[in-house]
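A.B. asks:
Residue numbers (my numbering): 27 to 158.
(1) Confirm, please, whether the CB-CB distance from residue 153 to residue 130 is below 8 angstroms.
(2) Keeping to the same chain, check which residues put their C-beta closer than 7 angstroms to that of residue 85; ignore five residues upstream and five downstream.
(3) Go ahead and pull the three-state DSSP assignment for residue 63.
(4) Let me check one thing: in DSSP terms, what residues is residue 24 bridge-paired to?
(5) To the nearest angstrom, report how far apart residue 126 and residue 103 are at their CA atoms.
(6) Pull up the distance between the alpha-carbon of residue 50 and that of residue 77, whole angstroms please.
(7) Between the Cα of residue 165 and the Cα atoms of 63, 36 and 81, which residue gives the shortest distance?
(8) Measure the C-alpha to C-alpha separation of residue 45 and residue 158 and round it to an integer number of angstroms.
(9) Per DSSP, what kind of secondary structure is residue 34 in: helix, strand or coil?
(10) Would you check if the distance between the CB atom of residue 113 and the CB atom of residue 55 is smaller than 8 angstroms?
(11) Let's see if you can read the secondary structure: which residues bound the alpha helix (DSSP H) around residue 142?
(12) For the alpha helix (DSSP H) that residue 151 lies in, which residues bound it at each end?
(13) In whole angstroms, what separates the C-alpha of residue 79 from that of residue 28?
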């Protein structure tokens with residue numbers, strides 16, 4: 027499948043919105059899904075924009091200065107692989123947090139249908155149908 031620059035732009039602008047507005051961008055479909063990494067202690071599938079907003083709000087409660095920066099964005103038609111860096115400081119402790127992981131975004135008619143997290147870069151690339 028070919029790269030899709032429009033979907034890559036959508037992904038980049040979505041992270042900019044998230045960091046600025048501290049929540050999911052308006053590009054989400056109302057019945058979209060966010061799936062955090064299976065290794066995450068609170069692993070679940072969050073269905074619908076209200077559930078996604080509540081899940082994201084928990085991140086900002088824990089890390090009020092949270093930033094999620096895309097380091098690499100590649101697409102395969104309607105699938106977008108994004109390698110991201112999370113940074114912030116704990117609300118209670120002030121301890122610095124930094125980690126990198128992958129998001130695979132499914133785009134449907136110019137809007138976000140699903141975002142799935144992966145700690146394993148190679149697995150996320152395979153899910154997106156891309157080569158290392």
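For each residue, glycine too, the CB sits at the ideal point set by N, CA and C.
C.D. replies: From the atom records:
(1) yes
(2) 92
(3) coil
(4) For residue 24 there is no data in the structure shown, the boundaries of the chain being 27 and 158.
(5) 24 angstroms
(6) 11 angstroms
(7) The structure shown has nothing for residue 165, since the chain only spans 27 to 158.
(8) 27 angstroms
(9) helix
(10) no
(11) First-last for residue 142: 137-144, but that is the beta strand (DSSP E), not the alpha helix (DSSP H).
(12) 147-153
(13) 32 angstroms
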